[in-house]
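In the UniProt record's numbering, the protein residues as written are 1 to 111.
Glycine is no exception: its CB is placed at the ideal position from the N, C-alpha and C atoms.
This report concerns only the one structure given below.
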């Protein structure tokens, strides 16, 4: 069940003043979490703050294009827009697929 359909199912049963307050609070929490993620550098995968970062990221609905380029536990090569990731990976001796920011793994060497 999608959260919007759940919200639309519950909303008619709430008094109007509470429904407006709930919508305002939820909207504020999502916006505040997104703002916090804008300035918060992702912690290391061994950090004690990792669970808090993951909760804030989930509340901010940071998925797909909205996620940070650097994720806890993964590393990627950042290349300029006009440059080719394949060429830069080859120069460094790395596997092209593992150097993408969303690969979710540390870049591997090609042997």
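Option nearest residue i by Cα separation, candidates the options
| i | options | result |
| --- | --- | --- |
| residue 60 | 92, 45 and 26 | 26 |
| residue 36 | 2, 56 and 17 | 56 |
Run of the alpha helix (DSSP H) containing residue i, from where it starts to where it stops
| i | result |
| --- | --- |
| residue 90 | 85 to 92 |
| residue 24 | 16 to 39 |
| residue 5 | 3 to 10 |
| residue 57 | 50 to 59 |
Whole-angstrom distance between residue j and residue i, CA atom to CA atom
| i | j | result |
| --- | --- | --- |
| residue 38 | residue 58 | 14 Å |
| residue 22 | residue 95 | 48 Å |
Sub-9 Å separation of residue i and residue j beta-carbons
| i | j | result |
| --- | --- | --- |
| residue 89 | residue 99 | yes |
| residue 68 | residue 42 | yes |
| residue 40 | residue 28 | no |
| residue 62 | residue 31 | no |
| residue 19 | residue 6 | no |
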